[in-house]
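Step one of this worksheet: look at the structure below.
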Amino acid sequence: MAEQRKKKAAPGAVRPAGGDAQVQRTARGGGEVDRPTEGYESLIEKRSGLSELLAPVAGFGVTFANMFKPTVTEQYPREQVPTKPRYHGRHQLNRYPDGLEKCIGCELCAWACPADAIYVEGGDNTPEAQFSPGERYGRVYQINYLRCIFCGLCIEACPTRALTMTNEYELAGPTRPGMIWEKQDLLAPLRSGQLATPHPMVEGTTDTDYYRGEVTGVTDDQVAWVAEHRPDDPTLPENAAKGATVPDLGETRLAQRAITAAAHRQGGAR
Amino acid sequence: MTITTPRGTQTTPLVPAAPPPAPAEPSDTVTFSVDGIETTVPKGTLVIRAAEELGIQIPRFCDHPLLAPAGACRQCLVEVWAPGRDGNLAKMPKPQASCTLQATPGMQVKTQHTSPEADKAQHGVMELLLINHPLDCPVCDKGGECPLQNQAMSNGRAATRFVDVKRTFPKPIAVSTQVLLDRERCVLCQRCTRFSEEIAGDVWIDLQKRGAQQQIGTFDTEVLGFAGDVPVGASTLDTSGRPFASYFSGNTVQICPVGALTSAAYRFRSRPFDLVSVPSIAEHDANGSAIRVDHRRGVVLRRLAGDDPAVNQEWISDKDRFAFHWQSAPDRVTTPLVRRRLPDGTRGELEPCSWTEALDTAAAGLQAALGADGSGVGVLPGGRLTLEDAYAYAKLARVVLGTNDVDHRARPHSAEETAFLGHHVAGRTLQVTFGDLVAAPGVLCVAYEPEEEGGILFLRLRSSVVAGRTRVFSVAALASRGLERLDGTLLAAAPGTEPEVLDAIAAGARDALGETAEALAADGAVILVGERAATVPGALTAVLRLAERTGARVAWIPRRAGERGAIEAGTLPTLLPGGRPVADASARVDLAAVWGVDDLPATPGRSADEILAAAADGRLGALVVGGVDPADHADPALARAALDAVPFLVSLEVRRSEVTDRADVVLPVAPPVEKPGTFVTWEGRPRPFAQALTTTQLSDFRVLDRLADALGADLGLRSVADVHGELDQLGGWDGVRVDAPSTAPAEPPAVPPGHAVLATWHQLLDAGRLQDGEPYLAGTAKRSVARMSAATAAAAGLADGDEVAVSTDRGTVTAPVQVTDMADHVVWLPTNPRGGAVRDLLGAVGGTVVRLERVGRSDHPEVTAHAASGLTGEAAEAVAGVRVDEEERA
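Chains as they are written, first to last, in the working numbering: chain A, 9 to 278; chain B, 38 to 927.
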């Protein structure tokens, strides 16, 4: 294209006669401007002597230099390289040491989110169903990973450090609805010694005590309460001793995995 | 209608909008300056208000334009220079609260924008207010719309210097089942207590204790130190057993500048940035209060009072505020339903079907009833429709169904009332307005309880009573607590004797009657007549006589939001739209021309009761029924029998109801939040509102238009604009009106021993269908009591606190006896409390003679003993979580 233009603009060039689109463009004005008559001159200074002789080989300098540097190509997914510790991966909703959720459903994360990826609804904690210390808990918690830009403003906004980001980055999925992660998908898995919610707060404590880190574990009263209300709960010490396991993935994520696995089978992937 | 401009012809719109209020010319003005800007304001203007006019924002908490100045929070401090006695400008030694300071000539005010001193003072006050304010913002409902939050950012320090332990309280107190109080969040601005005292007259919370322990609390007699003595008010206990129930407590939640008062229904539900706000009009009463509907993802989460100085100012009743769950109740009808007849001819089950099928089925059924061997169709639209919907019913009945058998009155009514409405109400819009009411020297309520049946009208009336402009009189069986708070004078009348009392109001009469005559003779006096007057033969006639005698104006106030609009739209058997009499040939010709038909049915139709009676007797081929609850009719048994007996029943309903349970075809329609429309207030003021939620449901008028289509007729009402265009084209009626009623009063019934005459009216919060799904609101309803005088009680062998069985041949209602100072041989019951609907259980309306029998002591002795006990029953469960803390406190 540049070549053609140059030709066209060359002095004495004969313009094609009528009917041509380019002529029309010129006739309309503004489209084509006559080029200066001088020929092209490079601004790079011409080399001379030995350097002119070696110039073609010098071009390989970069190639040869890189041959001796360590390779940066990562063999993902065969080899998974750990991220930097502060990498913004998927979110996690944390728990207090006794298993109560830190999230109070305040919606500040949703408020801070520039991509409108987070949706939260609060709810009342009641004596029958206490999910987090204090009066309020996050009843609905959804993060839309099709929208999330992993900027981390949500975790900065979180007043109870309920929301943090993990280093997990494998967040692709086969369905759109499956990319909206629910509270159960985001909640931190229960470590041994933690009790599944709902259960009462440690007796005699307030939400402030929890926030200050003065609650360090499950008490016997809490275990007794869960044993009374949910005798089959796998997080109860007696059930855990019998080998009951707690699923560490939420429903949405399990469904996504099942769909992916089925697709792999269908596609003959190993 | 102002919604569209009339096309072509210049007629008065059918329901003209109120003219804009004339700007008041201030007689006396003051010139002073704020931040160096000179301004002239009416004398007596507060500095903070004048600054507002200039666009200068002064931070404030306690200041509210509708409440008296208090100077409680001290946040609005400004530097003031004023001319002294010598005429020289001198600085006031300390910063002044601009919310209590009236502007004086030559004053120079410097706000925080120009005065470092004012700025420092405001920062200091803010720091003081925040000392004990908890860091609750993440869990507080006010977060995001909180004046304290905002002003702490704009006029406060960036960091706290307070290192001590904050004062805390066990939280929260359930002031009522609906209103929760977190005391540590309170900044003691007293907006809530001032509202209770000045506006509502319900002193249900107040300041308690002193100093650092000062707090807002329930009116706890022990804290206040006069246990055993009961403050104002006869025993109007709410269902929690507390003596101070308020119908207006929700307003305190809205005006609280911090999150100290929150509503149980909205607590922790959402954040302001989640919500989409749409201005709307409340559908619960005939006042047409402006509201704001806040919704998220297609669900209404709360409603707030809108600001309309001409109607509701900035207040609404709790019913308007909290009762909206009915619109999204689980029993909503979402698809058309058709009931197929079983082979044996009995009615089968309702089955969902397509619109086409439903409309065709409905059309076929109606066509059969309209045919040669059919006996016609009756139309009962119900009183909750918008003007547009009612108009479609009126037009459908006349144009397509060829009948005047259309009546929206799902309540006790009479031929006298029909004549009264045609003579005095229809087509006479804006004759008496809220503005007239608050300017009236005397207001006489006949068969009307402003608080129970009027909601926000009570607050408007009370504001002018408190201002000393208005005296209120009431012709009723007893002085209700509402009347007491209006400083009202009772003209005691046993049910049925109202005409007699009205006729006795004459100049020169003794005592209250004479005073009433005097007040009504004054310029601007108003007589308010309630819809209950229809149950008293001769009452409306006597009201018109009284108005003629005294020169007072008469306003008729229905309870339901759609009644006035329906009257204007012509859903009465004797009235066409705009108050045109059916019997008037020229009116019919007029209308036939607009509607594009050859002629209209000339014989006046049957009233709702007559339509129901005809249907029950098999003299009617089909019924088209809108939002009607059979239990609201004077005789619910007759209404149910009619619905059972009628060969073909079409129901247009929002939710499953007794009508849909009997209907052959159910056509779903949209509730107000899902449709645009216009309610007409009791004044005749059009109150248009927009659709708040997106929906697939149709308005009644649209469904009727399609139904007409299926019947082979064109109503031409495809959109709101179509309806408005037609209403504008139609215009008002300036021809001859229906004659005034002239009904003679009935003889008072003989009352045998052990019997009494029933007096009854609706309480604001009761078992109405529109209050379903709101347990918190239901908890603030008043407990049902049977009121009677000491003599009546003694004659029936009853004492205060006994449980009495009030019965007729049809059934019995039991309630605790409340001995009240009232007329003898009369017993008062609320009309429709939960579990005690008088019309349904007794088949009785006001004036019926009922039996009284003692059935033992009441299970709720506290109802009459004024004991402020804890919550009980359903209400207790509703707030179980928060009650625990309060019991600990106690």
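Glycine included, C-beta positions come from ideal geometry on N, C-alpha and C.
As the structure is a prediction and not an experimental result, all values here were calculated from the model.
Residue i classed as buried or exposed, judged by whether at least 16 other C-beta atoms fall within 10 angstroms
i	result
Leu51 of chain B	buried
Phe716 of chain B	buried
Met144 of chain B	buried
Thr273 of chain B	At Thr273 of chain B the pLDDT is 48, less than 50, meaning the model places this residue with poor confidence; the figure from the coordinates comes in the next sentence. With 16 or more Cβ atoms within 10 Å of its Cβ, Thr273 of chain B is classed as buried.
Arg220 of chain A	exposed
Ile52 of chain A	exposed
Pro705 of chain B	buried
Run of the beta strand (DSSP E) containing residue i, from where it starts to where it stops
i	result
Tyr127 of chain A	126 to 132
Glu840 of chain B	839 to 844
Leu550 of chain B	Leu550 of chain B -> not in any beta strand (DSSP E); alpha helix (DSSP H) instead, spanning 548 to 558.
Asn152 of chain A	144 to 152
Met173 of chain A	171 to 173
Leu126 of chain B	126 to 128
Gln145 of chain B	145 to 147
Beta carbon proximity, residue i to chain B, threshold 8 Å
i	result
Arg144 of chain A	yes
Cys114 of chain A	yes
Gly212 of chain A	no
Trp189 of chain A	no
Pro206 of chain A	no
Asn185 of chain A	Going by the sequence as given, residue 185 of chain A is Pro instead of Asn. Judged by the 8 Å Cβ criterion, Pro185 of chain A is not in contact with chain B.
Asp132 of chain A	yes
Pro167 of chain A	yes
Glu109 of chain A	no
Glu164 of chain A	no
Glu53 of chain A	no
Glu129 of chain A	yes
Gln12 of chain A	Because the pLDDT of Gln12 of chain A is 46, which lies under 50, any placement of that residue in the model is unreliable, and the number read from its coordinates should be weighed accordingly. No - not a single Cβ of chain B is within 8 Å of the one on Gln12 of chain A.
Chain A contact for residue i (CB, 8 Å cutoff)
i	result
Ser307 of chain B	yes
Val290 of chain B	no
Phe310 of chain B	yes
Pro175 of chain B	yes
Arg871 of chain B	no
Arg304 of chain B	yes
Terminal residues of the alpha helix (DSSP H) in which residue i lies
i	result
Glu234 of chain B	Taken as a continuous stretch (DSSP letters only), Glu234 of chain B belongs to no alpha helix (DSSP H), as it is neither H nor E.
His160 of chain B	153 to 168
Neighbourhood of residue i by C-beta distance below 6 Å, restricted to the same chain and skipping five residues each side
i	result
Glu811 of chain B	Phe359, Ala360, His362
Thr205 of chain B	Glu221
Gln188 of chain B	Pro96
Pro708 of chain B	Gln364, Val691
Asp219 of chain B	Lys208, Pro209, Ala297
Leu166 of chain B	Val224
Closer than 7 Å: residue i CB and nearest the ligand PLP heavy atom
i	result
Leu557 of chain B	Only the bare structure without any ligand can be found here, which leaves the ligand PLP out of the picture.
8 Å CB neighbourhood of residue i in its chain, flanking five on each side removed
i	result
Gly130 of chain A	Ile112, Gly113, Cys114, Glu115, Arg144, Tyr145, Gly146, Arg147
Arg465 of chain B	Gly616, Gly721
Sequence-distant residues of its chain with Cβ nearer than 7 Å to residue i (five each side left out)
i	result
Leu179 of chain A	Arg98, Tyr153
Gly265 of chain B	Confidence is the limiting factor: at Gly265 of chain B the pLDDT is only 41, short of 50, which leaves the residue's position unreliable, though a coordinate-based value still follows. If we look at Gly265 of chain B and ignore the five residues flanking it on each side, it has no Cβ neighbours.
Gly805 of chain B	Asn869
Leu338 of chain B	Tyr303, Arg306, Ser307, Leu312, Asp331, His332
His101 of chain B	Arg228, Ile292
Taking a cut of 7 Å between CB atoms, which residues from the region 195 to 226 of chain B lie near chain A? none
Output, in sequence order along the chain, the residues in the region 215 to 238 of chain A whose CB is closer than 8 Å to any CB in chain B. none
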